[in-house]
Amino acid sequence: MKIGLLVFGLAGLLALVSFMPPLAGRLRLPYSVLLAIVGFVLGVIIHVHGWAPGVVADFLDSLQHFEISSETFLYVFLPVLLFETALAMNIRRLLDDISPILVMAIVAVVVCTVAVGFSLAAISPYGLVVCLMLGAIVATTDPVAVVGIFREVGAPRRLTTLVEGESLFNDAASIALYSVLLSVLFSGGELSVGKVASSFLISFIGGGLAGLVMGRLATALFRWLRGWPAAEITLTVALAYLTFFVAEHYLGVSGVVATVIAGLVVGSNGRTRMSPTTFEQLEGAWAQFGFWANSLIFLFAAMLIPRMMAEITWMEVFLILVVFIVTLGARAVMVYGLLPVLGRLRLSTQVSPAYRAVMLLGGLRGAVSLALALAVTEQPAVPHEARQFIAVATTGFVLMTLFVNGLTLRPLIARLGLNQLSPVDRTLRDQAQIVELEALRLRIDEIARHEHIGPEVLDRLHAVFDASQTSMDAAQVLQLSMDQKVAVGMGILAGREEEMFFETLKAQVVDWRTAEALLARAERLGDAVRAGGLAGFDSAIEGDLRYSNTLRLVLRLHYLTGRPFWLGRELARRFTNLMCKWAVARRLIQFARTDVQPLLGAEVTDIIVAAHQRRLTLLEGALQALALQYPSYARHLQEAYLARMARSMERMHYRDMLAHNLISGETYSDLIEQVEMRWGALEKHDGLDIALSAAVMVQRVSLFEGLDDATMTAICKVLKPRLAVPGQDIPTRIGRSHAMYFVASGAVVLDLPDGTTAELGSGQIFGEMALVMNHDFQARVRSISYSRLLMLQEKDFRKLLTQFPALRDKIDAIVHQRLRAVEVWQQFESGQRQYEPLPELPSGGPATPDQEARADTASSGTPAAPDGPTAAV
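Residue numbers (my numbering): 214 to 1086.
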């Protein structure tokens, strides 16, 4: 076929499909159903187009000569469709419903395959393997048909996620079963359940890992292409095809799963790794690619229907009806049988009866099933009767799902009310219109005065305002309970917080790593608010201040190895995150006062503001703890923050000047370069110095005052600097040996076995009793600030005491004082006023039980008052 004629045919099809969306809207038909009808008609007339005029005849002739193979569907169209759908999905909402999605994507495919296979084998002359292969082919729901219809009818977001997620992943299960059964048919061997299961697991899990690696690699490359939108979008197109092909041909795993996972990774991380404007262009470009692929794949698949149905018999019509009934029954077993069980076992959230009814009819089939059936017809090793049966049965079944299920979905969703707003959303909508119309009336009146527009014109507009306000029940918002109003307001602020963090990324106030962490935390906070309202928010803000897993790991390595590794970097990242959250929390409180209060009232707003004020207080405390320990870095962060804000505002001003033709493009480029030079210097910093030098920290410990230089040098060699963050448990046992600590700066608290606590500050020590008394130290030690400590392990402790008697005398004096304080406290508790003599300090031998009991309490500090053995420092 000549290239020119091929291009002519494709261009003609694209011109044809460009009129399909408005036509489908006017006819109130699902877009995929209309495409199937048009494709079927084209498939019929391309064989009888001798009557057509020259241009039309050439167009139909080009379509007739298209060589549409199964590989065309699988390798040209399917990667685009899968990647585009996955790119638009919210991965967090997908993970929230991953259990029902995987059940419908995997278990349902197996159930459908077995049900169809054994049913047809019992009533048809075809063998079990052929019938099972047909079952695997028709078990896959088509993402094109399902996604298209659900987007058209405006289905709820969670329902769309459930059905889209199923349609994305069940292709992998279906294709894996199909491949195994086809190999069994070729070899003539016996069907093995173990072989099918192992092949599927390898294909599915391997495809997921391949897609994860490819997606991560692509997102890592985005930073090298930042600023070149065309290159970044091109990379995503290459990623879709390369992931599918590499997974299928080189790794031998599911290209479908690999492409879906890669799309989810890019959709999740791309908005922070790319520039925001580029990601918006990316979404628009992929929506266009998806429209082309969606339209063409349905047209091409439908054009094959006349050829594949040419030799249909009444027996095959009967078998098609049987397949339709059996697949619907198998799907009903999954939807009404297994999904409720998952909810009762708390393996997933409950799926409502209305959702289950739509999911039952939402299993549309389409081009993927037709492509697999076409692949069977291209296999000469498969008997002709089996090829004919699979092609006809699959085509007839696909048509039935499109015209029966597809045409039923829209009225079903409307009858169940799933395309309507909830009562709370309707109330909020009406109240929003009331507030906006009142403000709009004032603005219109102001414009009329300035423009000298007569009162008769204003009267016409006022009539529109009055009619609109009369049609809405202004008192509806008052019918909501206080808890409902608070939940609505908290949800509004949660959504606004995500937008604010994304705005800081667009303004380049933060880098992509910080933005990624902030957006992830904001999404989790929003989920907690939507699930638990005010109580969920209070619980989530405590978790929001917890240390990241990376920081916990770095701290553990720091204590084990003594090296800070990336500790300074992780603390700097936490510093930045806290500052951004603090700034957004302040703006959210203002947003609640100005925008939420007109909608929900002052009383509800006060409750919401109080909750966010509690969060702001916690953030301020966490920030202050860091700023007190690292004041210079705190000043740098403030300078960098203001510099980025100034840079962003200056850029926006120059962009507006360019848009209004006040400056030329060349002038704009030069101004942007000067902006970068002007404000970039304030962002440069050597990083957070955690100041863990033993020689410097030793000077802050009063215990070492008066020691000679030789002793100080020896002490610095064995003392190991350690940093403890607020709330961190400090281990007094490292491996099999004990350790004591000197507090160079900061403060720690000891939770004693008797339920009391003691605070120790700069210059004090803890853990020494375990070394001197030779027993395990039972108290829990926690840092209450960013504390710099000097750790002395047991073996080094023994050497120092032997070599430097002066140091031993000082430590012995502290231990003796603490033992005496505990003795005083114990006698006070028992009502005794006569002090018994204290035991002599051991020289290294085992301690008596009485000494151990006393030392357990004494090692934490001196009693400060008769209220308990605490020592506030």
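Quick reminder that beta carbons are idealized off the backbone N, C-alpha and C, glycines included.
How would you label N874, buried or exposed, when you count the other beta carbons within 10 angstroms and need 16 or more for buried?
Counted from its first residue, the sequence shown places residue 874 at position 661. Burial call: exposed.
Could you tell me if R241 is buried or exposed, where buried requires 16 or more neighbouring beta carbons within 10 angstroms of its beta carbon?
By 1-based counting over the sequence shown, the position of residue 241 is 28. Exposed, since its Cβ has fewer than 16 Cβ neighbours within 10 Å.
Measure the alpha-carbon distance for A301 versus I474 and round it to whole angstroms.
Translated into positions along the sequence shown, residue 301 becomes position 88. Translated into positions along the sequence shown, residue 474 becomes position 261. Roughly 12 Å separates the two Cα atoms.
Going by DSSP, name the residue or residues bridged to Q1006.
As a first step, residue 1006 must be located in the sequence shown, where it is residue number 793. Answer by DSSP bridge pairing, in chain order: A952.
With 16 as the cutoff for other CB atoms within 10 Å, does Y568 come out buried or exposed?
Walking along the sequence shown from the start, residue 568 turns up at place 355. So Y568 ends up on the buried side.
DSSP three-state assignment for A523, whether helix, strand or coil
Here residue 523 corresponds to residue number 310 of the sequence shown, with the count starting at 1. The answer is coil: DSSP assigns A523 none of H, G, I, E or B.
Please identify the residue among T447, C325, G702 whose C-alpha is closest to the C-alpha of A824.
As a working note, residue 824 is residue 611 in the sequence shown. The candidate whose alpha carbon is nearest that of A824 is G702.
Answer with buried or exposed for N762, where buried requires no fewer than 16 other C-beta atoms within 10 angstroms of its C-beta.
Your numbering for residue 762 matches position 549 in the sequence shown. Exposed, since its Cβ has fewer than 16 Cβ neighbours within 10 Å.
For A506, does the count of other Cβ atoms within 10 angstroms reach 16, so buried, or fall short, so exposed?
Sequence index remark: in the sequence shown, residue 506 carries index 293 (1-based). The residue is buried, with at least 16 neighbouring Cβ atoms inside 10 Å.
In the DSSP output, which residue or residues are listed as bridge partners for A971?
The residue you call residue 971 lines up with position 758 of the sequence shown. Partner(s): L963.
From the DSSP output, which residues share a beta bridge with A856?
By 1-based counting over the sequence shown, the position of residue 856 is 643. According to DSSP, A856 bridges with nothing at all.
Alpha carbon to alpha carbon, how far is V539 from S332? Give it in angstroms, no decimals.
Start at 1 with the first residue of the sequence shown, and residue 332 comes out as number 119. Start at 1 with the first residue of the sequence shown, and residue 539 comes out as number 326. Their Cα atoms are separated by approximately 8 Å.
If I follow the unbroken beta strand (DSSP E) through S416, where does it start and stop?
Against the sequence shown, residue 416 aligns to sequence position 203. It is not in any beta strand (DSSP E) - S416 instead sits in the alpha helix (DSSP H) that spans 406-438.
Please report the straight-line C-alpha distance between M695 and D310, rounded to a whole angstrom.
As a working mapping, residue 695 is identified with position 482 in the sequence shown. As a working mapping, residue 310 is identified with position 97 in the sequence shown. Whole-angstrom Cα-Cα distance: 30 Å.
Exposure of R1001, with buried meaning 16 or more beta-carbon neighbours within 10 Å
As a working mapping, residue 1001 is identified with position 788 in the sequence shown. Buried is the call here.
Residues in the same chain with beta-carbon distance under 6 Å from R306, minus the five sequence neighbours each way, listed in chain order, please.
Stepping through the sequence shown from its first residue, residue 306 is reached at position 93. Counting only Cβ-Cβ distances below 6 Å, and skipping sequence neighbours, we find T374.
I390: which of G256, L671, V320, L430 sits nearest, CA to CA?
Here residue 390 corresponds to residue number 177 of the sequence shown, with the count starting at 1. Note that residue 390 corresponds to Leu in the displayed sequence, not to Ile. Selected option, being the one with the closest Cα: V320.
By how many angstroms is the C-alpha of Y999 removed from the C-alpha of R769?
As a working note, residue 769 is residue 556 in the sequence shown. As a working note, residue 999 is residue 786 in the sequence shown. C-alpha separation (whole angstroms): 15 Å.
Would you mind stating whether I350 and S387 have Cβ atoms separated by less than 8 Å?
Looking up residue 350 in the sequence shown gives position 137. Looking up residue 387 in the sequence shown gives position 174. Yes. Within cutoff.
Got a sec: does the ligand NAP put a non-hydrogen atom nearer than 7 Å to the Cβ of L477?
The ligand NAP is not part of this structure, which contains no ligands at all.
Using the three-state DSSP reduction, which class does K215 fall into: helix, strand or coil?
In the sequence shown, counting from the first residue as 1, residue 215 sits at position 2. Here K215 sits in coil by DSSP.
Can you give me the start and stop residues for the beta strand (DSSP E) that R995 sits inside?
For the purposes of this step, residue 995 is taken as the residue at position 782 of the sequence shown. Run containing R995: 993-996, per the beta strand (DSSP E) assignment.
Using the rule of at least 16 other Cβ atoms within 10 Å of the residue's Cβ for burial, across every protein chain shown, is I821 buried or exposed?
Taking the sequence shown and counting its residues from 1, the one referred to as residue 821 is at position 608. Buried, because 16 or more other Cβ atoms sit within 10 Å of the Cβ of I821.
Taking the alpha helix (DSSP H) that P934 belongs to, which residues open and close that run?
Counted from its first residue, the sequence shown places residue 934 at position 721. Segment 933-937 is the beta strand (DSSP E) holding P934; no alpha helix (DSSP H) there.
Could you give the distance in angstroms between the alpha-carbon of F513 and the alpha-carbon of A433?
As a position in the sequence shown, residue 513 is number 300, starting the count at 1. As a position in the sequence shown, residue 433 is number 220, starting the count at 1. C-alpha separation (whole angstroms): 37 Å.
State the beta-bridge partners of D942 as determined by DSSP.
Stepping through the sequence shown from its first residue, residue 942 is reached at position 729. D942 is bridged by DSSP to R995.
Outcome for D819 when other beta-carbon atoms lying within 10 angstroms are tallied against a minimum of 16
Position 606 of the sequence shown, counted from the start, is the residue given in the question as residue 819. With fewer than 16 Cβ atoms within 10 Å of its Cβ, D819 is classed as exposed.
Alpha carbon to alpha carbon, how far is L541 from G222? Give it in angstroms, no decimals.
The sequence position of residue 222 within the sequence shown is 9, counting from 1. The sequence position of residue 541 within the sequence shown is 328, counting from 1. Straight-line Cα distance between these residues: approximately 38 Å.
Where E169 and R776 are concerned, what is the direct C-alpha to C-alpha distance, given to the nearest angstrom?
Outside the shown range of the chain (214 to 1086) lies residue 169, about which nothing can therefore be said.
For A707, count the other beta carbons within 10 Å of its own beta carbon; 16 or more makes it buried, fewer makes it exposed. Which is it?
Taking the first residue of the sequence shown as 1, we reach residue 707 at position 494. Under this definition A707 is a buried residue.
Exposed or buried, I943, counting other C-beta atoms within 10 Å across all chains shown (16 or more means buried)?
Sequence index remark: in the sequence shown, residue 943 carries index 730 (1-based). I943 is buried by the Cβ-count criterion.
Residues bridged to S1000 (per DSSP):
Working through the sequence shown from its first residue, we reach residue 1000 at position 787. In the DSSP output, where bridge partners are listed per residue, S1000 has A937.
Quick one, are the C-beta atoms of V322 and N383 less than 8 Å apart?
In the sequence shown, the residue the question calls residue 322 occupies position 109. In the sequence shown, the residue the question calls residue 383 occupies position 170. For V322 and N383, yes; Cβs fall inside 8 Å.
Could you tell me the distance, in whole angstroms, from the CA atom of V409 to the CA atom of V393?
To locate residue 409, count along the sequence shown from 1; it is residue 196. To locate residue 393, count along the sequence shown from 1; it is residue 180. Roughly 6 Å separates the two Cα atoms.
Does the beta-carbon of V329 have 16 or more other beta-carbons within 10 angstroms, so that it is buried, or is it exposed?
Locating residue 329 in the sequence shown gives position 116, where the first residue counts as 1. By the neighbour-count rule (16 or more Cβ atoms within 10 Å), V329 is buried.
Determine which residues share a DSSP beta bridge with L978 and list them.
Along the sequence shown, one-based indexing puts residue 978 at 765. The sequence given here places Ile at residue 978; Leu does not occur at that position. Answer by DSSP bridge pairing, in chain order: F955.
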